[in-house]
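Participant: Sharing a structure here in structure tokens format.
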Amino acid sequence: MDTPTLILQAVVVTLSLLIPPLADGIERKVRAKIQFRVGPPTILQTFYDLRKLAVKELIVPKGAELTLTISSIALVTAVTATASTIWIVAQDVFTPANLALTVLLISGSHVLISLTSLTTSNPYAVVGSFRKILLQVVNEVGFFVGVLYSITALKNLTSDTSPQLITSYVISVALVVITTYVSSGRVPYDIHEAEPELASGVLIELSGPLLSIYSYTHILKKYLLSFITAYLILTPFTSLTNPAIKLAANVTFGLMIYLSYGFTAALLGRTRIDLSLKTLTTTTLIIISLLVILSWLSSY
Amino acid sequence: MVKQLLIKEGGETQTVKVLNRIKDLCGPHTSIEFIHDKTVKVSVKSECLRKVAEALQSEEDVYLRTMVASDEKLINDSIKLYYVFGLDREGVNVILEVKIPAALSKHYEIPSISDVVKACDWYELEAHDLMGVKFSGRFLKRLVLPDDWPEEIHPLKKDITTEEIKKLYQPQVREKALEVGAEEVALIPVGPYHPALHEPEYFELYIKEEKVVDARYVGFMVHRGIEKLGESMGYDQIPFLAERICGICGFVHSVSYTQAVEEALNIEVPEKTQYIRTIILELERIHSHLLWLGIAAHLLGYDTGFMYAWRIREKVMVLSELLTGSRKTYGINLVGGVRKDINKEKIEKTKQTLKEVWKDYKGFAEVLLNVPQVRRRLSGTGVLPGGEARAYSLVGPTARGSGLSRDVRKDYTYGAYHFVSFSIPTYSEGDNLARTLVRIDEVYESINIIEQLLDTIPSGSEIKVNSWEPQPMKLGLGNVEAPRGEVIHLVITGMYGPYRWRVRSPTYQNLQAVPTMLRGVDLADAPITIASIDPCFSCTDRAIKINIKTGKIERVPLIKLSVKGGS
Chain A
79 MDTPTLILQA VVVTLSLLIP PLADGIERKV RAKIQFRVGP PTILQTFYDL
129 RKLAVKELIV PKGAELTLTI SSIALVTAVT ATASTIWIVA QDVFTPANLA
179 LTVLLISGSH VLISLTSLTT SNPYAVVGSF RKILLQVVNE VGFFVGVLYS
229 ITALKNLTSD TSPQLITSYV ISVALVVITT YVSSGRVPYD IHEAEPELAS
279 GVLIELSGPL LSIYSYTHIL KKYLLSFITA YLILTPFTSL TNPAIKLAAN
329 VTFGLMIYLS YGFTAALLGR TRIDLSLKTL TTTTLIIISL LVILSWLSSY
Chain B
20 MVKQLLIKEG GETQTVKVLN RIKDLCGPHT SIEFIHDKTV KVSVKSECLR
70 KVAEALQSEE DVYLRTMVAS DEKLINDSIK LYYVFGLDRE GVNVILEVKI
120 PAALSKHYEI PSISDVVKAC DWYELEAHDL MGVKFSGRFL KRLVLPDDWP
170 EEIHPLKKDI TTEEIKKLYQ PQVREKALEV GAEEVALIPV GPYHPALHEP
220 EYFELYIKEE KVVDARYVGF MVHRGIEKLG ESMGYDQIPF LAERICGICG
270 FVHSVSYTQA VEEALNIEVP EKTQYIRTII LELERIHSHL LWLGIAAHLL
320 GYDTGFMYAW RIREKVMVLS ELLTGSRKTY GINLVGGVRK DINKEKIEKT
370 KQTLKEVWKD YKGFAEVLLN VPQVRRRLSG TGVLPGGEAR AYSLVGPTAR
420 GSGLSRDVRK DYTYGAYHFV SFSIPTYSEG DNLARTLVRI DEVYESINII
470 EQLLDTIPSG SEIKVNSWEP QPMKLGLGNV EAPRGEVIHL VITGMYGPYR
520 WRVRSPTYQN LQAVPTMLRG VDLADAPITI ASIDPCFSCT DRAIKINIKT
570 GKIERVPLIK LSVKGGS
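Heads up: the sequence lines are chains A and B, in that order. For the first sequence, our numbering begins at 79 and goes up steadily by one. For the second sequence, our numbering begins at 20 and goes up steadily by one.
As structure tokens, then:
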């Protein structure tokens, strides 16, 4: 890799760490507009919120001393996952090893966030966390199947434009859209918000710097998933070769997807949280079955 | 009116039937006194109370509206219990008066009727706590007072003043916290979280997998002593206090109180006063229902609906300020009148605003009911059958959502409601959706009522009586159909202020049915089910600890809990 590309990627990675709170600020403003509210004073509000939490006194829940360590590792993993994904997209190096690394980092980040929930001494938060973990397990399967299928389809689309392949691409991208939406924790899959309404949840247990780390990791994850979705949708319609322009287009489109998820969430209510798992499992299984059938058909 | 009812053409009225039945049960010499239009007081001996309660409970359209314990030692050397039963069909109140000789009150036991009239459960416990009345045939436990309250102090008794109570009882929170080392408190965060509503309450939900198999409510976290406080205040000071009973629909309490005093003292208020009170009551219903709809939407994760409902509500709050001078706690009520008139300019402005509210609200309600998650989660959840609603003497939208068309605006009419035409939305499904639909429809009805009243409001300027004279020991009832159901105030008059003032809010009546609604619902639907009665709790929360071996319940202050780290 040449030096200018390395510098460019360093800049993009740094920006990518700053864009998620900005995207969150814009989403909050847009949602406020939809709801005829003023909303936060500025689109930078999420930065202020995170900062304010970060400088507060560090209070670790009794019996949950591991929370800080795990949250910090989750944050580092999420940052690494973001940097790695940007590098893969910019360089267009979708080798099996790179994909495996990305899968590991993204999953690792999710698992660590879930572990944060399990380290608290609040039994209700733990119960809620298990529900979230189950949802995540189903969702991650759907997400990675969707990503692998769509990347494979993208590679093959350059030489093969058969209806089966195009359909396979469209369905797999749809699966990615669904799973990234679920993973973003928005309504009706906002279990971290829904659980405290019932008994208690992990967000109840965290405060100050811990909550700041948790929130930032969560926002980063939401943005990263939007970025991946943007790449998968954008690629067939563009033939950009300049890495800078390609990344800029991807970042912009990722931002749009991020906001469109926020817009969708504003129009929905929350399904019963025990049903959300069943609905997601059914949907994921149906789509995966379709993809398998299409693959089988295209092999003939 | 009651006397006329006795000789109604075409057969026996319900009132006559009920009174004759009481005479049959308690003897021909039972004292029956017509104290007001549509209010009959029947003196009943404690021995036949249960029989009378059974007879009344078996009657259709009869329910327990309130029960009051009154210390009348200084007046007639007794403690009295007044059980107010409502005869819905004829709008008549039958008050059963049970006398306990003061000299025997420490050991005298009144037979409990809580097994016959489910709604009486809390009333008996409260009378036991606050007045020291003993009931036989039931388990008596603390309901209103804290566990560490001195055994022999009953705060509503006349031989103890508020100042003496303050000296005799200080909450032991600090001492208990010190015992366990409160200095460690700052190190441990206790989240201000809540299981269901954004208001203090405590429910124990017993869960099997995702289903609620049983539920228990522990309430009365704070007893504010408002009734006791009211007994040391003047007649016209109390409306201000009464409005502070509820932070959302306080006006219903001041109107109910003033109506009770006006009935007791036979004060005829000007017609325009009735119009003004009714208009404000309906405005209050609109903003309260909008508030609830917003909260319900929020509980169902539909925050856009929450924001819309409250945006529309804001217009109603501004309108309330225009008409009364305040967004809340209006302070316009007096015994015998109101302080603020409504002029032509305000009438026009009100009409204009209501048109806007109607339009916005219609759009909002249609969208809300068409959000798939909202509709699905309200439908078929938190079911309360009509029979249970009747057994618990439920009131308001909670009763009307279970098919009981009970509404005191029509059944025991007051204010200017008899000048307007309106319907009572009733749904028979008994689920959360039915209760929601009742409230949604009621907002339209309220706008309709206000518009009719504004069109016909008297043009004169007389909005209060010139003077009135208090007379001691007169009994009056005041009722208002509040947004959550009927509010009923009973006043026994004194010379300066009320001798006894009893407030019964709708949540007191409805809350007892919530465990029934919760049984069998999915845990995820418990919050909306609890919220579906639109409960109105007091202002703080504590946790409780149950000793499984002894069954003893101890309320634990959060400060103490925090030191234990939630364990």
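Idealized CB from N, CA, C, for every residue including glycine.
1. Under 7 Å between beta-carbons, which chain A residues line up against R330 (chain B)? List them in chain order, please.
2. Among residues of its own chain, excluding the 5 on either side of R396 (chain B), which ones have a beta-carbon nearer than 7 Å to its beta-carbon?
3. Need the endpoints of the alpha helix (DSSP H) that V81 (chain B) sits in, please.
4. What residues in the region 335-355 of chain A have a beta carbon less than 7 Å from any beta carbon of chain B?
5. Is T181 (chain B) buried or exposed, if buried means 16 or more other CB atoms sit within 10 Å of its CB?
6. Leaving out five residues on either side along the sequence, give the residues of the same chain with a beta carbon under 8 Å from the beta carbon of Y212 (chain B).
7. For D127 (chain A) and Q87 (chain A), I'd like the C-alpha separation in whole angstroms.
8. Quick check on V80 (chain A): does DSSP put it in helix, strand or coil?
9. Taking a cut of 7 Å between CB atoms, which residues from the region 371-395 of chain B lie near chain D?
10. Let me know the secondary structure DSSP gives Y431 (chain B) once reduced to three states.
11. Quick one: complete alpha helix (DSSP H) runs, 4+ long, within the region 230-273 of chain A?
12. So what does D541 (chain B) bridge to, in DSSP terms?
13. At a Cβ threshold of 8 Å, is L319 (chain B) touching chain A?
14. Are at least three pairs of beta-carbons, each pair with one atom in the region 155-168 of chain B and one in the region 425-442 of chain B, less than 8 Å apart?
15. What are the start and end residues of each continuous alpha helix (DSSP H) run of 4 or more residues lying completely inside the region 122-175 of chain A, in chain order?
16. Can you find the residues in the same chain that come closer than 6 Å, C-beta to C-beta, to G415 (chain B), ignoring five residues on each side of it along the sequence?
17. By Cβ distance below 6 Å, which residues in the same chain neighbour A453 (chain B) in space, the five residues on each side in sequence not counted?
18. Indicate whether the contact test is met: 3 or more Cβ pairs, each with one atom in the region 121-138 of chain A and one in the region 280-289 of chain A, closer than 8 Å.
19. Check I565 (chain B) in the structure and name its three-state DSSP category.
20. Just the Cα atoms here: how many angstroms apart are I305 (chain B) and E461 (chain B)?
21. Just mark I249 (chain A) as buried or exposed, buried being the case when its beta carbon has 16 or more other beta carbons within 10 Å.
22. Comparing the CB of R40 (chain B) with every heavy atom of the ligand GTP, is any distance shorter than 7 Å?
23. Using Cβ-Cβ distances below 7 Å, what residues of the region 232-265 of chain B are close to chain A?
24. How big is the Cα-Cα spacing for Q490 (chain B) and G382 (chain B)?
25. For the alpha helix (DSSP H) that contains W374 (chain A), what are its first and last residues?
26. What is the rounded straight-line gap between the Cα of I366 (chain A) and the Cα of P174 (chain A)?
27. How about Y327 (chain B): is its C-beta nearer than 8 Å to some C-beta of chain A?
28. On a CA-only basis, which of B:C555, B:I549, B:L537 is nearest V232 (chain B)? Give me that one, please.
29. Could you compute how far the alpha carbon of A316 (chain B) sits from the alpha carbon of D322 (chain B)?
30. Does any C-beta atom of chain A lie closer than 8 Å to the C-beta of A543 (chain B)?
31. Starting from F305 (chain A), follow the alpha helix (DSSP H) in both directions and report where the run begins and ends.
32. Between which two residues does the beta strand (DSSP E) harbouring K118 (chain B) extend?
33. Chain A beta carbons: is any one of them nearer than 8 Å to that of T323 (chain B)?
34. Mind checking whether G5 (chain B) and L387 (chain B) have CB atoms under 8 Å apart?
35. If we ignore side chains and look at the alpha-carbon of each, how far apart do L358 (chain A) and G244 (chain B) end up?
Facilitator: Walking through what the data contain:
1. In chain order: F114.
2. Excluding the 5 residues flanking it on each side, R396 (chain B) has same chain C-beta neighbours closer than 7 Å at L319, D544, I547, in chain order.
3. For V81 (chain B), no alpha helix (DSSP H) encloses it; the enclosing beta strand (DSSP E) starts and ends at 81-91.
4. From the region 335-355 of chain A, only A344, L345, L346, G347, R348, T349, R350, I351, D352 have a Cβ closer than 7 Å to chain B.
5. Exposed, by the Cβ-count rule.
6. Because the pLDDT at Y212 (chain B) is just 36, under 50, the model does not fix this residue reliably, and the value given afterwards should be weighed accordingly. Non-local C-beta neighbours of Y212 (chain B) in its own chain, meaning closer than 8 Å and more than five positions away in sequence, are absent.
7. In a straight line, the C-alpha of D127 (chain A) is about 28 Å away from that of Q87 (chain A).
8. Checking the displayed sequence, the identity of residue 80 (chain A) turns out to be Asp instead of Val. D80 (chain A) falls in the coil class under three-state DSSP.
9. You won't find chain D in this structure, because its protein chains are A and B.
10. Y431 (chain B) falls in the coil class under three-state DSSP.
11. Runs of alpha helix (DSSP H) with 4 or more residues, each lying fully within the region 230-273 of chain A, are found at 241-261, listed in chain order.
12. BP columns for D541 (chain B) point to B:K230.
13. For L319 (chain B), at least one C-beta of chain A is nearer than 8 Å to its own C-beta.
14. The region 155-168 of chain B makes no contact with the region 425-442 of chain B, as fewer than three CB pairs between them are under 8 Å.
15. If we require 4 residues or more, the alpha helix (DSSP H) runs fully inside the region 122-175 of chain A come out as 123-132, 144-169.
16. In its chain, beyond the 5 residues on either side, R503, G504, P525 have a beta carbon closer than 6 Å to the beta carbon of G415 (chain B).
17. Taken in chain order, the residues that qualify are G420, Y446.
18. Yes, the region 121-138 of chain A touches the region 280-289 of chain A.
19. Any reading at I565 (chain B) must be qualified, since the residue scores a pLDDT of 47, below 50, and its modelled position is unreliable; the value itself is stated next. Note: I565 (chain B) maps to strand in three-state DSSP.
20. Their Cα atoms are separated by approximately 8 Å.
21. By the 16-neighbour rule on beta-carbons within 10 angstroms, I249 (chain A) is buried.
22. Within the structure as shown, the ligand GTP is missing, as the structure has no ligands at all.
23. Residues of the region 232-265 of chain B with a C-beta atom less than 7 Å from some C-beta of chain A do not occur.
24. One C-alpha to the other measures close to 52 Å.
25. Here the alpha helix (DSSP H) through W374 (chain A) covers 351-376.
26. Distance between the alpha carbons of I366 (chain A) and P174 (chain A) is about 20 Å.
27. For Y327 (chain B), the answer is yes, since a Cβ of chain A falls inside 8 Å of its Cβ.
28. Among B:C555, B:I549, B:L537, the Cα nearest to that of V232 (chain B) is on B:L537.
29. The alpha-carbon atoms of A316 (chain B) and D322 (chain B) are separated by roughly 6 Å.
30. Using a Cβ-Cβ cut-off of 8 Å, A543 (chain B) counts as an interface residue toward chain A, since at least one Cβ of chain A sits closer than that to its own.
31. Counting along the chain, F305 (chain A) sits inside the alpha helix (DSSP H) bounded by residues 286-312.
32. Counting along the chain, the unbroken beta strand (DSSP E) around K118 (chain B) starts and ends at 111-120.
33. At least one chain A Cβ lies under 8 Å of T323 (chain B).
34. Limits of chain B in this structure are 20 at one end and 586 at the other, which puts residue 5 (chain B) out of reach.
35. Cα to Cα, L358 (chain A) sits roughly 52 Å from G244 (chain B).
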